[in-house]
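Asker: Here it is: the structure, laid out below.
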Amino acid sequence: FARDGIELKKIEDFIRDPINNGPKLRNTRIDKFAADVKSMKASPWNRALAHKFALKAREIVANCKDGRFGKKTEKIEWDDLFRDRLYRIYKDIIDA
């Protein structure tokens, strides 16, 4: 949590154009402007970030043919996994 949160200008740009100004996978920041965990989780920026992580995880698993992520018949709920993991991070930020 040593990194600062996302800059307000980036949030404003994201609201105006979420496709072109959304979170990136590298060097991204969390929206820490919320006063509580629930609000932080509901942040459109943070939700987009979790979704972007989930999309990348699906891509990695689809391209990995050696089975290290389990059987193809086992469906992994990537969106839920990333939302849950980020929730713990939001809680740690608020509790700090």
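Residue 93 in UniProt numbering sits at position 93 of the sequence shown, and the numbers go up by one each step. Every residue, glycine too, gets a C-beta built ideally from N, C-alpha and C. Quick caveat, the model's predicted, so the values are computed rather than measured.
Tell whether a beta-carbon distance below 7 Å holds between Ser43 and Asp31.
Answerer: Result yes, Cβ atoms of Ser43 and Asp31 sit closer than 7 Å.
Asker: Where does Asp11 fall in DSSP's three states?
Answerer: Just to set this straight, residue 11 is Ile in the shown sequence, not Asp. It is helical.
Asker: Taking its Cβ as the centre, do 16 or more other Cβ atoms sit within 10 Å of Pro23, making it buried, or is it exposed?
Answerer: Per the 10 Å Cβ criterion, buried.
Asker: I'd like to know if the region 48–55 and the region 74–85 are in contact, where contact means that at least 3 CB-CB pairs between them fall below 8 Å.
Answerer: With the cut-off at 8 Å, the region 48–55 and the region 74–85 touch.
Asker: Assign Leu25 to one of three DSSP states: helix, strand, or coil.
Answerer: Coil.
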